[in-house]
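A.B. asks: One gets our numbering by counting positions in the sequence shown from 1 and adding 8 to each.
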Amino acid sequence: MPNRVRVLAGSDADRVELARRVRAKGSPAREVERARIVLLAAEGVPGQQIAARVGCSEPTALDA
Numbered sequence: 009m010p011n012r013v014r015v016l017a018g019s020d021a022d023r024v025e026l027a028r029r030v031r032a033k034g035s036p037a038r039e040v041e042r043a044r045i046v047l048l049a050a051e052g053v054p055g056q057q058i059a060a061r062v063g064c065s066e067p068t069a070l071d072a
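(1) Per DSSP, what kind of secondary structure is E53 in: helix, strand or coil?
(2) Spatial neighbours of M21 within its chain, please: C-beta separation below 8 Å, excluding the five flanking residues on both sides.
(3) Considering just the uninterrupted stretch of the alpha helix (DSSP H) at A32, what are its terminal residues?
(4) Below 8 Å between beta carbons: does that hold for R61 and L47?
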């Protein structure tokens, strides 16, 4: 059974802001990585797949 990442419910405005941070050229790499993890987790993507898509370890994906 894949590890699911639990995410608190966020508003549409939260998702828009996270997507903006992912696209912003001057955003720090860690901020972009975390935003991508949160967006994927909010879609219900399992931790292992998040890690593969983002390019991080599964523990990082689960802790973000």
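Glycine residues also receive a C-beta, built at the ideal position from the N, C-alpha and C atoms.
C.D. replies: On the basis of the supplied data:
(1) Here residue 53 turns out to be Val, not Glu, going by the sequence shown. Coil, per DSSP.
(2) Residue 21 is actually Ala in this sequence, not Met. Here the set comprises nothing.
(3) It is not in any alpha helix (DSSP H) - A32 carries neither H nor E in the DSSP assignment.
(4) No.
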